[in-house]
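K.L.:
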Amino acid sequence: MAISTIAKGPSPTRRAPSRGRSRYRRSETAWGYAFVLPAIALFAVMGVYTIVYGFSLSFASWNGFTPEWRWVGLKNYADLLWADPQYAPLVHQAALNTMWVMIAVPVLTVLVSFPLAVLLNSVRRLKTVLRSVYFLPHVTSGIAVYFAWVYVLQPDGAINLLLRSLGLGSLQQPQGFLGNPTTALPTLIVITVWTSVPVAMLLYLASLQAVDPSLIEAARVDGASTWQVTRRIVWPLLRPITAIVVLLALRDSLQGFQTFLIMTNGGPGNHTNVLGLQTYRLAFLSQLSPTLGLSSALGWMLFVGALVLAAINVRVLRRVT
Amino acid sequence: MSTDTLRPAATGAPDTGRPARGSRVHLSLSTVLARGTVGVLLLLYAAISLYPFLWMVSAAFKDEIEVVSGGHLIPHRPTLRTLTETWNELHFFDYFLNSLKVTGLTVLLVLVIYSAAGYAFSVLHFPGRKALYRLFLALLFVPGVTVLLPVVLLENKLGLLGGHWGLILPFVNGTAPLSILLMTNAFSSIPGELREAARVDGASELRIFTTIYLPLSRPVLITIAVLTAIPTWNEYLLTRVSLNDPEAYTLPIALQNLQSSAVLHYNVLMAGALIVVVPVIILFIAAQRYFVNGLIGAVKS
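The listed protein sequences derive, respectively, from chains G and V. Each number in the working numbering comes from the position in the first sequence (counting from 1) with 5 added on. Each number in the working numbering comes from the position in the second sequence (counting from 1) with 1016 added on.
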């Protein structure tokens, strides 16, 4: 889970300029531009250019090899949404899978990370060690750990072994958890949650430590139980953090696909194909078919989805805080 | 909720004010149960967190025959051969150096470029700075997958594709929003009097920046370095589509290659995975204090 959108710092103009400063000093202006120049230059090439280029490509048909683009207007968008008999069904299934991920991952992440943070906050010993252990999945998140998961999930892997030794042999998956069409998507969801819990847990932990202890003390004096305090006081106080955790998870579920690419590549069948992965496939795995424009269009639809989520994010946060 | 919840008072036992020795020793049964349950649950999740790593280590120390028979976490005939062979015969040292180069240069550039930008955004007054600052933050919303294809096409035109700079430049640009945000926050919290005093003494902006602002922001610089280094070390998508020449491979791609080789040996694959993961874990442990506190700070501010 990305931590990039969490921080909400002071604006750069927090220090009100003194009165005599209403006009910019020349030397300061020159220094200012000199200091931001490298960032701007890199952004102009790697950022602005690619964004503009990618956006115009979404209105064209191109296979990456022919010298000319063929302009098709909004056809790419229509093809993806309903018109094309080959791609529209793929996109529909990917959208359905993405929807399941977007429902399950945020809910499960909150259900695991909130109690975990509350429990961790209640112990004194081993707190730092456990915090680091819990954080490990986030730090190592990448191809190495996904291969380790593939290894334990394979037909004669450690998960099946564990189930057998616990007497839950009926839950074993003889084809492996990723080979069975019904278990593949839920398994990937669990692994996504496994990697998104660490940051969520840390966010909860940080704000638990900021909760005013006198509030809890007062509830205790009134005879509230641990459960009641957690449910009626702590949980409502941490609602803004829950909003952030949910929206980060939503965003990552909408756009993230690395786990899916590495572990199943969308299979079996298309049962774990998600929109991000479909975008990637149209861009890099369709050889000479002219699908680069389609890929770009799908990418921009995901971008619009992210913007809508961000807008909801702002509104929800304003309401709950 | 704090440790209070687990004190006897919380479970209905009379609160004797100061913890008399007796009340500490004779914990009520329900308290013991509650503490035990908390401990068990915490350890259970620790096990879930570590689960794939344990098997990764286990397989990396097994030989080819034993990894197939599987079934047990502790290798019966532990061997270092799998690790050394993976390291030597598959040229992992070369890939390791490539990864180190890409990650090191990315971190260096991020620190230089965005600390300068953060300085400008937080203390220098110049026309357009607010708009520029907002522009960089708005980038947070552009999804990686949307620009992946244009980046590759652009680099192809510029002749950067396939080389390490073709990875480093987009990686650096990708951290712009977060790095600028953290740097600007850090510099804004440094009292302006320091800068005024230095200016009166005739110091240039560059001098003020390098001798006052940078040293005072060391924790934030370390946080950004770690936050940049870890994902860069693990990066896979752009690397996979841009590198063709095995000489340029970074560790994740070398690992991917192991997996797609004709005969898959899980002990070799897990040994490779271990080689990829260990440096990140070492970095994480070494910088833990800054990293975690930096994250918490980002939340609180």
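Glycine residues also receive a C-beta, built at the ideal position from the N, C-alpha and C atoms. A quick note: this is a predicted structure, and the numbers were derived from the prediction, not measured.
Helix, strand or coil: how does DSSP classify G/Arg129 here?
P.N.:
Three-state DSSP puts G/Arg129 in coil, outside helix and strand.
K.L.:
For G/Trp76, return the contacting residues in chain V, with the cut-off set at a CB-CB distance below 9 Å.
P.N.:
Under the 9 Å cutoff, chain V gives no residues; its nearest Cβ is about 17 Å from G/Trp76.
K.L.:
Check this for me: beta carbons of G/Thr103 and G/Val251, under 8 Å apart or not?
P.N.:
Cβ atoms of G/Thr103 and G/Val251: not closer than 8 Å.
K.L.:
Which whole-angstrom value describes the C-beta separation of V/Val1294 and G/Leu307, a residue pair presumed to lie in contact below a C-beta threshold of 8 Å?
P.N.:
Not quite, the Cβ-Cβ distance comes to about 34 Å (not below 8 Å), so this is no contact.
K.L.:
Which residues, in chain order, does the stretch 1061-1074 of chain V contribute to contact with chain G at a C-beta distance below 9 Å?
P.N.:
Under the 9 Å Cβ criterion, the stretch 1061-1074 of chain V contributes Tyr1061, Ala1062, Ile1064, Ser1065, Leu1066, Tyr1067, Pro1068, Phe1069, Leu1070, Trp1071, Met1072, Ser1074.
K.L.:
Do G/Lys132 and G/Leu125 have their C-beta atoms within less than 8 Å of each other?
P.N.:
Going by C-beta atoms, G/Lys132 is nearer than 8 Å to G/Leu125.
K.L.:
Flag G/Ile194 as yes if its beta-carbon sits less than 8 Å from any beta-carbon of chain V, otherwise no.
P.N.:
No, because no Cβ of chain V sits closer than 8 Å to the Cβ of G/Ile194.
K.L.:
Counting only Cβ-Cβ distances shorter than 9 Å, please list the residues of the stretch 1244-1275 of chain V near chain G, keeping chain order.
P.N.:
Flagged, chain order: Ile1246, Pro1247, Trp1249, Asn1250, Glu1251, Tyr1252, Leu1253, Arg1256, Val1257, Leu1267, Pro1268, Ile1269, Leu1271, Gln1272, Leu1274, Gln1275.
K.L.:
Please look up how many angstroms separate the CB atoms of V/Asn1189 and G/Phe48, rounded, as I've assumed it's under 8 Å.
P.N.:
Right, the Cβ-Cβ distance comes to about 6 Å (below 8 Å), so this counts as a contact.
K.L.:
Got a sec: which bits of the stretch 258-273 of chain G sit with their beta carbon under 9 Å from any beta carbon on chain V, in order along the chain?
P.N.:
Hits within the stretch, in order: Leu259, Gln260, Gly261, Phe262, Gln263, Leu266, Ile267.
K.L.:
Please report whether the beta-carbon of G/Ile317 lies at a distance below 8 Å from any beta-carbon of chain V.
P.N.:
Chain V contact via Cβ: absent.
K.L.:
Quick one: what does DSSP say G/Ser230 is sitting in, helix, strand or coil?
P.N.:
Here G/Ser230 sits in coil by DSSP.
K.L.:
Please classify V/His1088 as buried or exposed, where buried requires at least 16 other C-beta atoms within 10 Å of its C-beta.
P.N.:
Per the 10 Å Cβ criterion, exposed.
K.L.:
Please say whether G/Tyr156 and V/Met1199 have beta carbons closer to each other than 8 Å?
P.N.:
Contact: no.
K.L.:
Looking only at its own chain, which residues have a Cβ that is under 7 Å from the Cβ of G/Ala224, when we skip the five neighbours before and after it?
P.N.:
Closer than 7 Å at the Cβ level, and outside the excluded window around G/Ala224, lie Val234, Ile238.
K.L.:
By a C-beta neighbour count over all protein chains shown, 10 Å radius and 16 as the cutoff for buried, is V/Val1158 buried or exposed?
P.N.:
Buried.
K.L.:
Say whether chain V places a C-beta atom closer than 8 Å to the C-beta of G/Leu168.
P.N.:
False, the Cβ-Cβ gap to chain V never drops below 8 Å.
K.L.:
Would you identify the three-state DSSP class for G/Ser66, choosing helix, strand or coil?
P.N.:
If DSSP states are grouped into helix, strand and coil, G/Ser66 belongs with the strands.
K.L.:
Cα separation between V/Ile1291 and V/Glu1212?
P.N.:
Looking at the two C-alpha atoms, the distance is approximately 50 Å.
K.L.:
Please say whether G/Ala302 and G/Asn68 have beta carbons closer to each other than 8 Å?
P.N.:
It is not a contact, given that the beta carbons lie outside the stated cut-off.
K.L.:
Could you name the residues of the stretch 1113-1137 of chain V whose beta carbon sits closer than 7 Å to any beta carbon of chain G, in the order they occur along the chain?
P.N.:
Listed in sequence order: Ile1129, Tyr1130, Ala1132, Ala1133, Tyr1135, Ala1136, Phe1137.
K.L.:
Which of the residues in the stretch 1215-1239 of chain V, read from start to end, lie with their CB under 7 Å from any CB of chain G?
P.N.:
Correct list: Glu1221.
K.L.:
Cα-Cα, which of G/Leu314, G/Ala211, G/Ser300 is closest to G/Phe60?
P.N.:
Of the candidates G/Leu314, G/Ala211, G/Ser300, the one whose C-alpha sits nearest the C-alpha of G/Phe60 is G/Ser300.
K.L.:
Just list the residues that DSSP pairs G/Arg75 with in beta bridges.
P.N.:
DSSP, once it has assigned bridges, lists G/Ser66 as partnering G/Arg75.
K.L.:
Within 8 Å of any Cβ in chain V, is that where the Cβ of G/Glu73 sits?
P.N.:
Chain V contact via Cβ: absent.
K.L.:
Does any C-beta atom of chain V lie closer than 8 Å to the C-beta of G/Leu171?
P.N.:
Chain V, which has no Cβ nearer than 8 Å to the Cβ of G/Leu171, makes this no.
K.L.:
If we cut at 8 Å on Cβ distances, does G/Pro241 have a partner in chain V?
P.N.:
Judged by the 8 Å Cβ criterion, G/Pro241 is not in contact with chain V.
K.L.:
Among the candidates V/Ala1062, V/Pro1268, V/Ala1245, V/Ser1277, whose CA atom is the shortest distance from the CA of V/Leu1121?
P.N.:
The shortest Cα separation from V/Leu1121 among V/Ala1062, V/Pro1268, V/Ala1245, V/Ser1277 belongs to V/Ala1245.
K.L.:
Taking the beta carbon of V/Lys1173 as the centre, do at least 16 other beta carbons fall within 10 Å, making it buried, or is it exposed?
P.N.:
Per the 10 Å Cβ criterion, exposed.
K.L.:
Please look up how many angstroms separate the CB atoms of V/Val1118 and V/Thr1191, rounded, as I've assumed it's under 8 Å.
P.N.:
Not quite, the Cβ-Cβ distance comes to about 14 Å (not below 8 Å), so this is no contact.
K.L.:
Identify the contact partners of G/Ala153 in chain V, using a Cβ-Cβ distance below 8 Å as the criterion.
P.N.:
Within chain V, the residues near G/Ala153 are Pro1068, Phe1069, Trp1071, Met1072, Met1286, Ala1289.
K.L.:
Quick one: grab the DSSP three-state call for V/Gly1028.
P.N.:
Unreliable placement is indicated for V/Gly1028, whose pLDDT of 40 sits below 50; the coordinate value is still reported in the next sentence. Three-state DSSP puts V/Gly1028 in coil, outside helix and strand.
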